[in-house]
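So the sequences go chain by chain: E, Z, P and V. Those letters in the first sequence? Residues -18 to 181, per our numbering, in order. Those letters in the second sequence? Residues -18 to 181, per our numbering, in order. Those letters in the third sequence? Residues -18 to 181, per our numbering, in order. Those letters in the fourth sequence? Residues -18 to 181, per our numbering, in order. Have a look at the structure below before the remarks.
There are 4 protein chains.
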Amino acid sequence: MQVKKDEMKNAILKSGEKEFLEKGYEKASIRKIVKQAGTTIGNFYNYFANKEALFEELVNEEYHEFISFIQHHNTVERPDYLWDIPNPTLWRTILSELMDDMIPHFGTGMVLILDSSKGTKYEGSKEKIIEIIKDHFIEHLEKLNNKDIPLGFAEVIAIQLAEGLITILKKYDDPKVRREYIMHYITFYMLGTMGLIGGL
Amino acid sequence: MQVKKDEMKNAILKSGEKEFLEKGYEKASIRKIVKQAGTTIGNFYNYFANKEALFEELVNEEYHEFISFIQHHNTVERPDYLWDIPNPTLWRTILSELMDDMIPHFGTGMVLILDSSKGTKYEGSKEKIIEIIKDHFIEHLEKLNNKDIPLGFAEVIAIQLAEGLITILKKYDDPKVRREYIMHYITFYMLGTMGLIGGL
Amino acid sequence: MQVKKDEMKNAILKSGEKEFLEKGYEKASIRKIVKQAGTTIGNFYNYFANKEALFEELVNEEYHEFISFIQHHNTVERPDYLWDIPNPTLWRTILSELMDDMIPHFGTGMVLILDSSKGTKYEGSKEKIIEIIKDHFIEHLEKLNNKDIPLGFAEVIAIQLAEGLITILKKYDDPKVRREYIMHYITFYMLGTMGLIGGL
Amino acid sequence: MQVKKDEMKNAILKSGEKEFLEKGYEKASIRKIVKQAGTTIGNFYNYFANKEALFEELVNEEYHEFISFIQHHNTVERPDYLWDIPNPTLWRTILSELMDDMIPHFGTGMVLILDSSKGTKYEGSKEKIIEIIKDHFIEHLEKLNNKDIPLGFAEVIAIQLAEGLITILKKYDDPKVRREYIMHYITFYMLGTMGLIGGL
DNA sequence: AATGAATGAGGGTTCATTCAT
DNA sequence: AATGAATGAACCCTCATTCAT
């Protein structure tokens, strides 16, 4: 009952993705992954060295694309300068362009990294990204000589940005919907933050 | 080597709370909880009937307070009418008052219920609350004859409200800080949503 | 160090049968069963879903054969009419024929069901059979207008019939010996009861 | 909340007797015994050194009475000579007298010893008694130059005598009922055996 | 390429027993 | 006399992983 090599491997990858998303890395059961993929435990280890290797393969490509995206396009910086533009309509134009760059790098792989990676070497990725967002936000607060918003709240806001994006990616597969909802979300988010720190 | 009864029980409760928050109900290990509490597995079962009973004790009181709070104070409704008031300064006054009622009912117990209860009878509480928020939000969208924001986005927004509150409760223990941050967060949240749906 | 699949499974079945017979279902220890079978706990669960599944496999076949035997051959009724035949020698002929039908359905599986099944879904089977025997016996007592033997004693007698059969099945594996002993036992039993109620 | 010493001890004895009869020595739970007796685990060990000591106390007296009864009255021998008397009516007279001696020595304590003692030092008592009965029975078979009944069947018969008595003692508490039923049972039993070996 | 037998650590839980109070 | 906190071994069961076939 042999099957073309790639078919089996893809079946396992797909089944693994589903299981990791549902249960998280640690609670995911290899027994269930292989059953769902229509093969056996033993055969799993012909394709993947171990549980983490499966996760790795699901995540690796998007992770490196994401890293190089940050490094080359300086992505996480750019949203900053949106804050200097007081015109939500203009935001949309700029955001739309930004989305074209971002969307391909934010897929299910990133959801796994950010939301299901506890127990793997990717554990903590979300926190690192949140840290970056938080630092930018604090810079702004200081630039604006803010006194009302405590610095600790910057972290709350940063977490919400990250979580909001993850929420959208988890709930919607279609890149178009993702794109639309992320744009709405960033708009919502910037209106909130700018209103809060008095920029609007 | 016996210790005053309450000391041990509190040590287990505290250790359990930590473990449940970190790992969630299912992955939490009784062996680790008791080690951290400085006792043995056998002794755990002198204090609690089983794993779920420990969770229950950490959660029960706040849960019932929360339920009766919803039923008697009609809490979840009230934020709604904030949306009819276009004055962020006025919001603060109303919110401040609301906080006095809410804060005592939103503690670590609620975080456990909302964020760590998979595998217990409280599983799904967060989803129920999100559903309620979502429905209110959709009502508003319809009242405003909105065309730009897709209804599916209401769920994203509702999730963010719930997650934001959980984030704050998880990161801060001090009721004063919680109060302040939740007020900031709701303000942020309302500015964002009202800006988005054109109410501002 | 792998062994042909069936060998291991049979080793576990055999070891399990022994343990269940000795200790009863509930006190039987899987650790001891697997040690006796020369394997490990983990491996046990490659062969059986759980403790009850092992018991089930030891018992299932004979149980269903027994049930259909009762339903089709009306077995439990037939011994009755023996009581109308006052000739022990004739009994032997009839009994001999009856044995040919019965013996294949009364093996170690039935002993497990009747004598070691507390804690399984077969719990109570012995009591049901005893009840049936008792009712037949009471019928006879009433038919004979008996006054000396209290009705409560019918249950004692019924229990003894069941226990006697179990005793023989437990002590002897060889179907021929079982057949011979059961015939002796039923003869002994009928002589006793008929003498007691005055039929002889 | 102290109670007269004997009351507590008796409560534990009574509760223990019940539990041992229901579950057997090994499955009996001290936690349940003390709960039923209305006291605590700790207090149990003020009255009894351990689980076995409780069993011992429930059983000890009757056991020694029974032993000395056997030794002095040569009880187990006597039923033998009944077999030389071919008159069931006469049996009754003799049996009745025998009962007066026996009944006081066959109570719940003996049931515990014979039926619930696995795991204690009394384990095996039933088998010893059965052995004695069996030997007598074999003697008779040999004396009668029996050829039809296999010697192995003697053990089956011996077991049935013992089990029958235990059945009666377990089901009936009232000494009068016990007496009556045991007499019926021995009559039943002797009719059966004598018929079988051709003595009748 | 595929199977599943085998392992051992760890999961939650129950138990008899000890002993400080 | 009475309490119940503390212990540790044993219970059934699940898991990721290895490896002979």
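Cβ coordinates follow ideal geometry from the N, Cα and C atoms, glycine included.
Here the region 157 to 173 of chain E makes contact with the region 167 to 177 of chain Z; the two share three or more CB pairs at distances below 8 Å. With a contact defined as Cβ atoms closer than 8 Å, residue 137 of chain P and residue 168 of chain V miss out at about 12 Å.
Within the same chain, 166 come within 6 Å of residue 145 of chain E by CB-CB distance, once the 5 residues on both sides are set aside. Nearest CB-CB separation between residue 86 of chain V and chain P: not below the 7 Å threshold. Using a Cβ distance threshold of 7 Å, residue 1 of chain Z and residue -8 of chain Z do not count as a contacting pair. Three or more pairs of CB atoms, one per stretch, sit closer than 8 Å, so the region 34 to 43 of chain V contacts the region 83 to 102 of chain V. When 8 Å is used as the limit between beta carbons, residue 52 of chain V is near no residue of chain P, the shortest such separation being about 28 Å. For residue 134 of chain Z, the chain E residues whose Cβ falls inside 7 Å of its Cβ are 162, 165, in order along the chain.
What residue 156 of chain Z touches in chain E, judged by beta-carbon distance under 8 Å, is nothing: the nearest beta carbon there is about 15 Å away. In the structure shown, residue 178 of chain P adopts helical secondary structure according to DSSP, grouped into three states. Residue 111 of chain V and residue -3 of chain V have their alpha carbons spaced roughly 27 Å apart.
At a cut-off of 7 Å between beta-carbon atoms, residue 70 of chain P makes no contact with chain V.
Excluding its 5 nearest sequence neighbours in each direction, residue 106 of chain E has C-beta neighbours in its own chain below 7 Å: 94, 95, 98, listed in chain order. With respect to residue 118 of chain E, residue 143 of chain E sits apart: the two C-beta atoms are not nearer than 7 Å. Put simply, of V/31, V/69, V/70, V/86 the residue whose alpha carbon is nearest the alpha carbon of residue 44 of chain V is V/86. Nearest in C-alpha terms to residue 177 of chain P, of all of P/150, P/128, P/3, is P/128. Interface criterion not met: the Cβ of residue 118 of chain V is under 7 Å from no Cβ in chain P. In this structure, residue 3 of chain Z lies away from residue 101 of chain Z, with their beta-carbon atoms at least 7 Å apart.
Contact residues of the region 4 to 28 of chain P toward chain V are 4, 5, 7, 8 (C-beta to C-beta distance below 9 Å).
Taking 7 Å as the cut-off, the beta carbon of residue 80 of chain V is found no closer than this to the beta carbon of residue 12 of chain V. Under a 10 Å Cβ-count criterion, residue 132 of chain V is classified as exposed, with fewer than 16 other Cβ atoms of the shown protein chains found around its own Cβ. CA-CA distance, residue 19 of chain Z to residue 24 of chain V, rounds to 26 Å. For residue 177 of chain P, the chain V residues whose Cβ falls inside 8 Å of its Cβ are 165, 168, 169, 172, in order along the chain. The Cβ-Cβ distance between residue -5 of chain Z and residue 28 of chain Z does not fall below 7 Å.
What residue 140 of chain E touches in chain Z, judged by beta-carbon distance under 7 Å, is 148, going in chain order. For residue 130 of chain Z, the chain E residues whose Cβ falls inside 7 Å of its Cβ are 165, in order along the chain. Per DSSP, residue 30 of chain E is not a residue of any alpha helix (DSSP H), being assigned neither H nor E. The Cβ of residue 100 of chain E sits no closer than 7 Å to any Cβ of chain Z. Using a Cβ-Cβ cut-off of 7 Å, residue 105 of chain P does not count as an interface residue toward chain V, since no Cβ of chain V sits closer than that to its own.
Taking all protein chains shown into account, residue 5 of chain Z has 16 or more neighbouring C-beta atoms within 10 Å of its C-beta and is therefore buried. Between residue 139 of chain Z and residue 115 of chain Z, the C-beta gap is smaller than 7 Å, which places the two residues in contact. Distance between residue 7 of chain V and residue 122 of chain V, taken at the CA atoms: about 38 Å. Between residue 84 of chain P and residue 156 of chain P, the C-beta gap is smaller than 7 Å, which places the two residues in contact. Shown here, residue 68 of chain E sits in coil according to DSSP, grouped into three states, outside any helix or strand.
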